[in-house]
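According to the UniProt record's numbering, the sequence shown is numbered sequentially starting from 1.
No residue lacks a Cβ here, since even glycine has one placed at the ideal position from N, Cα and C.
Take a look at the structure below.
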Amino acid sequence: MALLDDVKSELAAIDNELPAAKKAQSAAMIRFGGGLHIIQRHIVVEAQFDSLPAAQWLQNTIKDVYGHDSDLIQVNRQTPAGNVIRYSVRVLRAGGALALQTGLLDRRKHPVRGLPADIVSGNIAQVKAAWRGAFLAHGELSDPGKASYLEIVCPGSEAALALVGAARRLGINAKARQVRSSERVTLRDPDVIERMLNLMGAPKSSREWTGKRSDGESRGKANRLANFDDANMRRSAKAAVEASAKVTKAFQILGEDIPENLRAAGQLRLDHRDASLEELGRLADPPVTKDAIAGRIRRLLQLAAKVEKQQAEGLNTTQDQKD
């Protein structure tokens with residue numbers, strides 16, 4: 001959450017945009033942050049944010065660009081996760097005028113359900129600003145090291161489609177989807193997310209997010225390798241225990257009638273039950289390869305199995321003769 005706050009603070013600190021871009025950003029912030037309401041036959045403009053710098057940016061822009069006063073109100077809301085603080089920017093008296101100025105009301109004074117046409121078809125600076133405003137209003141960003149996503153919760157399908165079209169003009173493929181009855185526009189590719197953060201105007205946060213994501217991926221890879229190594233060690237240990245039990249049984253079957261090289265290999269297995277075949281090969285006198293030690297142990301077990309089978313057949317023959 002701290003990184004998301006940093007992204008929004010960095011975006012809200014941008015103050016070198018031309019008026020057209022500021023208008024595009026403020027219109028998107030109002031559209032995605034709340035919108036227009038009718039109270040006692042008067043249009044009220046209200047937008048809520050989880051970022052105080054974002055709310056302050058909109059309040060200042062409404063005053064400097066459009067010439068209207070607004071109220072900034074802190075709203076405390078209880079949720080199952082605890083107390084949530086939101087910041088509401090509200091324009092009461094001049095709500096209708098501001099709605100017309102931002103393009104959120106068309107010339108027939110009908111509400112615009114997506115984004116104003118002059119923003120969607122405007123220059124690239126306006127398109128970037130619209131995405132910046134939408135993100136400031138209702139954007140989410142995954143924590144580094146987790147499944148990557150950048151997502152904006154939209155007030156409706158028209159707004160989602162407008163945002164997807166704006167992303168396409170920036171050369172980015174965004175997906176509109178419905179999640180729990182809410183419309184969302186989502187980016188999932190880490191490289192695309194990094195690019196969008198830069199396009200919106202948050203290069204510092206983009207580098208931080210990318211760096212932490214890379215660190216998280218490195219740790220994840222290291223953990224997977226460690227788990228893989230642990231699994232291999234467990235398998236090797238289990239195989240060594242099973243091999244030791246088979247060698248013990250082979251010694252019991254063969255007794256003293258064992259070739260010396262096979263006996264030595266089997267004894268190494270019993271004396272060093274946790275050692276790998278490679279380690280047993282180094283312990284042999286003279287040292288041999290792991291393939292050689294494995295071959296000798298295998299021939300020892302085959303010899304014991306052959307003798308055991310002959311003994312069983314001889315026992316059966318004797319029993320048949322008695323019968």
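When DSSP assignments are scanned along the UniProt domain "WhiA LAGLIDADG-like" (128–219), the uninterrupted stretches of beta strand (DSSP E) that are 3 or more residues long and fall wholly within it turn out to be 139–141, 150–154, 175–179, 182–187. In this structure, Val89 keeps its C-beta atom at 9 Å or more from the C-beta atom of Glu158.
Between the stretch 16–25 and the stretch 125–139 there are three or more C-beta pairs closer than 8 Å, enough to call the two in contact. The Cβ atoms of Trp57 and Leu136 lie closer than 9 Å to each other.
Burial state of Arg41 is exposed, judged by a 10 Å Cβ sphere holding fewer than 16 other Cβ atoms. Scanning its chain for C-beta atoms nearer than 8 Å, with the 5 sequence neighbours on each side dropped, one finds around Arg168 the residues Ala174, in chain order. In the DSSP assignment, Thr79 falls within the unbroken beta strand (DSSP E) covering 71–79. The three-state secondary structure of Ala284, taken from DSSP, is coil. Within 10 angstroms of the beta-carbon of Asp50 lie 16 or more other beta-carbons, which makes it buried. Following the DSSP letters along the chain, one finds Gln48 inside the beta strand (DSSP E) bounded by residues 42–49.
Excluding its 5 nearest sequence neighbours in each direction, Ala162 has C-beta neighbours in its own chain below 6 Å: Gly114, Leu115, Val120, listed in chain order. The stretch 149–158 makes contact with the stretch 181–199: 3 or more CB pairs, one atom from each, lie closer than 8 Å.
Per the C-alpha coordinates, the member of Ile297, Ala27, Ala176, Ala292 positioned closest to Val112 is Ala27. In the three-state DSSP reduction, Val120 falls in the helix class (H, G or I).
The three-state reading of DSSP puts Leu301 in helix, counting H, G and I together.
Taking 9 Å as the cut-off, the Cβ atoms of Arg86 and Gln59 do not count as close. With fewer than 16 other Cβ atoms inside 10 Å of its own Cβ, Ala312 counts as exposed. Apart from sequence neighbours up to five positions away, the residues of its chain that approach Leu4 with a beta-carbon distance below 6 Å are Leu141, ordered along the chain. For Arg93, no alpha helix (DSSP H) encloses it, and the DSSP letter there is neither H nor E. Going by DSSP, Ile30 is part of the alpha helix (DSSP H) stretching over 19–33. In this structure, Gly133 sits near Met29, with a CB-CB distance shorter than 9 Å. Val91 is positioned such that its CB atom lies no closer than 9 Å to that of Val164. The straight-line gap separating the alpha-carbon atoms of Glu278 and Ile253 is approximately 27 Å.
Closest in alpha carbon position to Ser9, among Gly35, Leu52, Phe32, is Leu52. For Ile62, the enclosing alpha helix (DSSP H) has its first and last residue at 52–64. Of the candidates Arg188, Val247, Ala99, Arg188 places its Cα closest to the Cα of Asp143.
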